[in-house]
Structure formats: C-alpha cells, structure tokens
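Asks: Sequences listed follow chains C and G, in order.
Under my numbering, the first sequence has 39 at position 39, and the numbering climbs by one with no breaks.
Under my numbering, the second sequence has 177 at position 177, and the numbering climbs by one with no breaks.
Ideal placement from N, C-alpha and C gives every residue a C-beta, glycine not left out.
As the structure is a computational prediction, the values presented were derived from the model and not from experiment.
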Amino acid sequence: MIPTLLLGHAGLALVLLIGGLVPRANRVLLVRVVAGLGVVLGATLAVASGRTETWRTAQLDSEHAVLAGVTIACAWLLIAALDRDHGRWDVAALIGVGCTGIALMGTNRWLVPGLMFSFVASFAIAAAVSTFQHRGEVWLQIFATGAAIVGAILVDWQNTESWVSPGGIEGWAFWLLAGGVAVRAGALPVFGMWRLCGCSAAAGAPLLVGSAFIVLGGPGSRTEPWLTVGLLAASAVVIAWALFVKREGDVAGSWPVLVALAVSFAAPGAVFGAGIAAVLAVSAAGTGLHDRYAGDPARAFVVAFAPLTIGFSVLAAGATVAFERATGATTDAESIPWTAAAALFPVALAAGLTLASRLSRGAGAARGRAGVTALTTLALFLAAAGFGLFPDTLGQLPASALGPQRSVLVLQLVALAAAIAAGILTFRTGYATQHLSRASYEPVREHVAIRTLPAWPAAALASLLAFGGAATVGWLTIEGLRVGFL
Amino acid sequence: MATSAAARPPSAPPPAAELGAVAVGAQAAGVVLAGGYLLGLVQGPVIAVVGGLALIAFGRAVFLDRAWAAVTGVAIAVLAGALGVGALRWDAIELRALRGAQAVLGPTVLVGPIRVSVAAWLGLAAIVIAGVVLLSAPVGKGRPALAARALEGIVIGLAAATVFWGPAIPDGLELGATAAAVGGWALATGAVAVPVVGLSFVAAKAPMALRWALLVLAGALAATGAALLGSVL
C-alpha cells in the first residue's frame, strides 16, 4: 500500500503526460479527474498514518505523514479548482511529481534522503511555475530557502558530527534554518508564491508550506520564545498593513503562516497541527484571496484561524503554553518573552477575526469562477473544521488546548447547530438585508501594484542557489552512503 | 429570495442575506461557545472564552465599515488582555482553576494584598470599557438587534464575573448557600452587563475619536493591572 500512496502521484503525472496528446476539451476533464484521484491519494496518506508499515526508508506512523497527506490533497485540490478550462496538464503533472517528492520527504526516516526528495519537489514546483509571470521571484523563494535549510543542516552536521541533533539544530545554523523555513512557508507578504494566487501554479504553494513545516517538525524543532514574539508582532503588522494600507487580500495570506510559525516555536509539540492549519489557510488564500472580488466567508474563516477550525485550536495551544511558561518562569529573562507572547496571542486572535470580517465583505467572485471556488473553499473549511473538532487526531496538541475532547466536541457541535439555525432564521426573515444593504459596502480599493523583483537577476540568483543546494544535497548523500548511513 | 452564486453579475457583492446569515450565525456560535465555558458546562482555558467573544465580534464587524471593524477588533483584544489579568492573578489559565482558587480564597477583586486587588479592579474596569465600545457599534435596529446586544452584554458580564468574582455554585447541596452563591454570581454578572449595555447606547452617539480614546484607556488599565501583578506576585 505504501508505494501506491507515495509514488501514485508520480504515476498520475505519467497519465497526464500521455494525456497531453488528447484534444483540449478532454484534457480539461482529464486534469480534473486526475486531480480528484490525487486528492483521494493524499487524504488516504493522511488517514493511513496510524499504520506501522514501512517501505524502504519510508514509514507511515508519524505526524509527518498526516501533514504530508494534507499538503498533497490541498495541492491537487487547487489544481482541480484553478485549472478552470485551460487543461494545463503540464502544470498538473509537475505538481504530481512535487507531491511524490513531498510524500517521500515527509515519511522518510532519514534526514538526507528526505532532503533529496525535498529538492526533487522544489525542482518540480519551480518547473510548474516556469510559464507564469513573477516566476523569478518564486524561484528565488524556493531555492534561497532550500539553500538556507540545507546549509543549516550541513553546518550542524559538521559541528555535531551527527545527522540529526536530538534537540534540533543549535547555534547560528538554527537561525539560518528558521529564516529559510519562514520564507519558504510564505511569511513574507506579497512575495514569491503569493504572486500566484488564483492561477493553477498556486498549487505549488501548499507544497512549499508543507515542506517547511515538515522541516520544522524535524531538525527545526526548538522552543524559542523571542522568535514567537517576533512572529506575532510581524503578524500584527501584517494585519495593520492589510486593514489600513493595502487591500486585505493582497497581504493577508501571510498572516496565518506567521501565527502558525509563532505557535511552532512556542510549542514544538503543536508543529504538525500548526502546519496543517497553515497549509489549509494558504490553500484557501491560493484560490484567489488577492482577487478584487473575493468575498467568501468560508475562506475568511480558514485564513483567519476562526474558532471551530484547526487554526483556532493551534492558536489556543500556543496561548496556553505561553501563559503557563510566563507564570512558571523563575527569572526575568525567561519571563519577559513568554509574558509578551501570552499577551500577543489574544491580540492575534482578535486581529484574525477582524481580518475575517473584511475578507467576508469583499465582493463576490466573478461569474463562472464562483461555483468552483466556493466549493473549494467550502471543502477547505470543512477540512479545517474537521481537524478543529477532532484535534486529538493530530496527536501532539497540548491536551488542555480547549478542554476535554468529548465535551469540547459536543459544545462545538451545539455551537455549529446554533449558528446554522440562526443563519437560516436570519436568511428567511431577511433581517440582514435591512441592515447590510449593498449601499453599505465601502468602495473596493484599487489594487496597488507592488513592485516585483526583476525577472532575470532573480532567476539567475535562484539558479545559482539551486545548483549550490542540489550539489550540497548530492554531496551529503554520497557522504551518507560512504559511511553506510543510508 | 437570494440570488444564486452563478447568476450574480461579475462585480456584484455577495447578497446581503447570505452574508448576514453567516454573521448572525457566527454571533450565535460565539454566544454558545463562550456561554458553554462560562457556565461551567465545559472545562477549558480563558482563551476558549475569548474565541467565543471573537466570533461575536466577527459577526458584528461584518455589518460594519472598515473603521468600526478596527474598533471592534481592538476592543476584543483589550477585553482578552483584561481577562488575562484575572488569569495572571491566580497563575492559572484554566477556568476550573480560577473558579477553584476563588471558591477557596474569595473573589479576585476582593482578595488582597491591596495592590493585587487594585490590579483586579483595573482589569475589571478595562473589561467594562472595552465591552461598552464593542457593543456601541451600530449593528442593526429594532428588537432583534436589542436582544442580540443584551445577550452579548450578558456574555461579557459572565466572563467578567467568572474571572473576577468566582464560582456560581459551592460544593455540597445546601440550598441556602447555593441560592446565595447563584444570586451573588447573577448579581455580579448583572453588575457588569447592565452598565456595559446601558453605556453602549450612550457611546453609540460619541465621536469615533472618543471610542479610540476609551480603548486606549482600557488598554492602559489592563496593562497597568498586569504590571502591578507582575511587581507583586
């Protein structure tokens, strides 16, 4: 079963490769069917993670596999939603290769093969975006962060003479790794993958986010309160920027990434939950958050980590851990960052919900896009709510994040029922139409173009970094083989 | 009758009925979630209550313009921080632990030393001010809007009473003590909810600058309370 789950995406890519020969109308259908199969394979990988099967260097029984499965399912879902009538089998096929890379990376028991497959995924994503505008910037994001991560692991290996430090990477190499992971996951607003929102190449975005959090759950696993504070402060800046300077959709996508990273550095045990929340949020944003007419409450809830979703569970876990660390601290040096983090988490929650209200109010999607996009964001919302209702499926979320599992579940289901009943009542009575008239919408602010990096210098730099990163991974692999490590 | 998504013109906003239904649904969910924790039906941390309050704020903000939405968001952040002052007082983020500490030692606002008690009062004042600003937003008219405002005021009152006053029902089944405790708890809830709802009507007529000033004041009170606690505990 494992080979099918891991290599099946590459098999689907082969099907698409052959399918490229068929007429365009059939290609559109083929891409959708294959993407649907990819979603099923990804979801199966996530569900099958409870099994203890192994195959070569891959092993299913880890939270890495859940994260990898969700990541892959989201990537295929975006292909199905955003290909529209273009029939871009080439993009879909390359994303399929990237999915296999992520599957093999996420389930790998060994660091170096994992890095190798990560680079395979990187090259596949880079190729998938090669025909899109702003590709230079995306390449730079992919390969600069890849080089940073590999460089950090190389430095750590030289320092400790161990393939994986037990407590994660130490010293300045950790900061190199953390920076690489953050940028790869999309912490920089309006840069790289954020340029792809709304087109089929956006399917690469969840793969980048997923791979970043998989690294964070391995060699990057470390408690770092000041980093948490910095990331939360950055998320507040992003919200202020979104609300007062730019249009929300232009910059808002990086907010959930920043918050998820903050939680990961506050509570490393919650990294996989945070990763899943971030992947779902980035996928929801990828469906077209930047669009001028992008109002969609389901998307807003996923992006803004609203209560009932996995994002909120993760945020609550971070807040709880920060509070407990702040009150349990014995020195000022320990207490100050944790107190700041404990104060900033509720601010992040409030900011997220404010953002959600603005994202919901944006005008609707353009005709023809509305149905598919709405279905996709609804599916992502249901997934986020599913993980939110059953956070224990993620294993390592702090038990006290929201309270005892069963009673929290019942309360959340009652809240959902109340929401549905109140919503239906409001809809039928037309109460809202009296108070939320079309005239009350503020004028949509014009998109303010944010200057992109020059294409050729960015591409050249990205190529150099790609070469350097790939060469390093190759050397590490040979070194690993030489000592019989693999 | 709502317009279906497919039939919308390309640049039309989503129908108000659909968006309004989502907003009111979120408010209802927020009341249920926060109420469930505050009534002790479910044990959990203070942040879970803040989540319910944030859903309420989301539902309100959908009806509002950008400036009002920002005010609503900041009000919820201040409210959350002020609730955190109560949690900080007992070094406990779990509602059960907060109730337990107050059941044994007394209401947070009445337990000394004096600086700690003052800190709790500052937190409580911050909740009232932030609650007033939150509910002063012009969300709908008529009886439904009034009922929603009253309900949300009660939730804010419950949150303040739970964190700063204590448990509703003592251990044991003694009727008199139970009635007194429930009565005290209801009074504490009302003592916050009534002024919050009442003053929100006054604040609704105030200029926006005054609301921001009130939020700054509430934030400063909460921060001072936290700093006082930090210096004593």
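In chain order, what residues of the segment 45-64 of chain G put their CB closer than 7 Å to some CB of chain C?
Replies: Listed by position along the chain: 45, 47, 48, 50, 51, 52, 54, 55, 57, 58, 61, 62 and 63.
Asks: Does the distance from the C-beta atom of residue 186(C) to that of residue 194(C) stay below 8 Å?
Replies: Closer than 8 Å, so yes.
Asks: Smallest Cα separation from residue 99(G): which of 166(G), 154(G) and 209(G)?
Replies: When only C-alpha atoms are compared, the closest one is 166(G).
Asks: Can you tell me the Cα-Cα spacing of residue 69(G) and residue 299(C), whole angstroms?
Replies: Straight-line Cα distance between these residues: approximately 18 Å.
Asks: Between the Cα of residue 276(C) and the Cα atoms of 240(C), 380(C) and 297(C), which residue gives the shortest distance?
Replies: Of 240(C), 380(C) and 297(C), the residue nearest in Cα terms is 380(C).
Asks: By the three-class DSSP mapping on this structure, what secondary structure does residue 53(C) have?
Replies: Correct three-state label for residue 53(C): coil.
Asks: Taking its Cβ as the centre, do 16 or more other Cβ atoms sit within 10 Å of residue 191(C), making it buried, or is it exposed?
Replies: Burial call: buried.
Asks: Which two residues bound the contiguous alpha helix (DSSP H) that contains residue 85(G)?
Replies: Residues 66-89.
Asks: Please say whether residue 88(G) and residue 49(G) have beta carbons closer to each other than 8 Å?
Replies: Not in contact: residue 49(G) and residue 88(G) (Cβ atoms no closer than 8 Å).
Asks: Just how far apart, CA to CA, sit residue 202(C) and residue 287(C)?
Replies: C-alpha separation (whole angstroms): 8 Å.
Asks: Helix, strand or coil for residue 334(C)? Go by DSSP, reduced to three states.
Replies: Here residue 334(C) sits in helix by DSSP.
Asks: Who are the Cβ neighbours of residue 446(C) in its own chain at under 7 Å, not counting the five residues just before and after it?
Replies: Caution applies to residue 446(C), whose pLDDT of 44 falls short of 50 and renders its modelled position unreliable; the value that the coordinates give is listed next. Nothing meets the Cβ criterion.
Asks: Which residue comes first and which comes last in the alpha helix (DSSP H) that contains residue 99(C)?
Replies: Here the alpha helix (DSSP H) through residue 99(C) covers 89-107.
Asks: If residue 501(C) sits next to residue 352(C), beta carbons under 8 Å apart, how far is it from one beta carbon to the other, in whole angstroms?
Replies: Residue 501(C) lies beyond the range of chain C shown here (1 to 486); nothing can be said about it.
Asks: Just the Cα atoms here: how many angstroms apart are residue 366(C) and residue 212(C)?
Replies: Here residue 366(C) scores only 44 on pLDDT, less than 50, and its place in the model is too uncertain to base an answer on.
Asks: Write down the C-beta distance between residue 274(C) and residue 260(C) rounded to the nearest angstrom, noting that I regard them as a contact closer than 8 Å.
Replies: With a Cβ gap of about 4 Å, residue 274(C) and residue 260(C) count as contacting.
Asks: CB residue 102(G) to CB residue 404(C), shorter than 8 Å?
Replies: No; because the gap between Cβ atoms is not below 8 Å, this pair is not in contact.
Asks: Using a Cβ-Cβ cutoff of less than 8 Å, which residues in the same chain neighbour residue 44(C) once the five nearest sequence positions on both sides are dropped?
Replies: Cβ neighbours of residue 44(C) beyond the five flanking positions: 5 and 69.
Asks: Just reading off the alpha helix (DSSP H) that residue 165(G) is part of, what are its end residues?
Replies: Element bounds for residue 165(G): n/a, residue is neither H nor E.
Asks: Once the 5 residues before and after residue 112(G) are set aside, which same chain residues still bring their CB inside 8 Å of it?
Replies: Once the five neighbours on either side are set aside, residue 112(G) has no close Cβ partner at all.
Asks: In three-state DSSP terms, what is residue 472(C)?
Replies: Helix.
Asks: Counting only Cβ-Cβ distances shorter than 8 Å, please list the residues of the segment 21-33 of chain G near chain C, keeping chain order.
Replies: Cβ contacts with chain C come from 21, 22, 23, 24, 25, 26, 27, 28, 29, 30, 31, 32 and 33.
Asks: How should residue 349(C) be labelled, buried or exposed, when 16 other C-beta atoms within 10 angstroms of its C-beta is the threshold for buried?
Replies: By the 10 Å Cβ count, residue 349(C) comes out buried.
Asks: Consider the Cβ of residue 218(G): report whether some Cβ of chain B lies at a distance smaller than 8 Å.
Replies: No chain B appears in the structure shown, which is made up of the protein chains C and G.
Asks: For the alpha helix (DSSP H) containing residue 44(C), list its first residue and its last residue.
Replies: 24-47 is the extent of the alpha helix (DSSP H) around residue 44(C).
Asks: In this structure, how does DSSP classify residue 160(G) when only helix, strand and coil are distinguished?
Replies: In the structure shown, residue 160(G) sits in a helix (DSSP, three-state: H, G or I).
Asks: If you measure between the beta carbons of residue 142(C) and residue 122(C), is that distance less than 8 Å?
Replies: Result yes, Cβ atoms of residue 142(C) and residue 122(C) sit closer than 8 Å.
Asks: What three-state label does DSSP hand residue 307(C) in the structure shown?
Replies: Three-state DSSP puts residue 307(C) in coil, outside helix and strand.
Asks: Straight-line CA distance for residue 469(C) to residue 149(C)?
Replies: Straight-line Cα distance between these residues: approximately 9 Å.
Asks: I want to know whether the segment 223-234 of chain C touches the segment 101-112 of chain C - three or more CB-CB distances under 8 Å.
Replies: No: the two stretches stay apart, fewer than three of their Cβ pairs being nearer than 8 Å.
Asks: Which residues of chain G have a Cβ atom closer than 8 Å to the Cβ of residue 353(C), listed in chain order?
Replies: Those are 54, 55, 57, 58, 61, 73 and 76, listed as they occur along chain G.
Asks: So which of 55(G), 38(G) and 23(G) has the shortest CA-CA distance to residue 312(C)?
Replies: For residue 312(C), the nearest C-alpha among the options comes from 55(G).
Asks: Tell me the DSSP secondary structure of residue 412(C) in three-state form.
Replies: Residue state, collapsed to three classes: helix.
Asks: Using a beta-carbon distance below 8 Å, is residue 358(C) in contact with chain G?
Replies: At least one chain G Cβ lies under 8 Å of residue 358(C).
Asks: Using a Cβ-Cβ distance under 8 Å, would residue 43(G) count as near chain C?
Replies: Interface residue, yes.
Asks: Which value, in whole angstroms, describes the spacing of the CA atoms of residue 371(C) and residue 28(C)?
Replies: Answer to the nearest angstrom: the Cα atoms are 17 Å apart.
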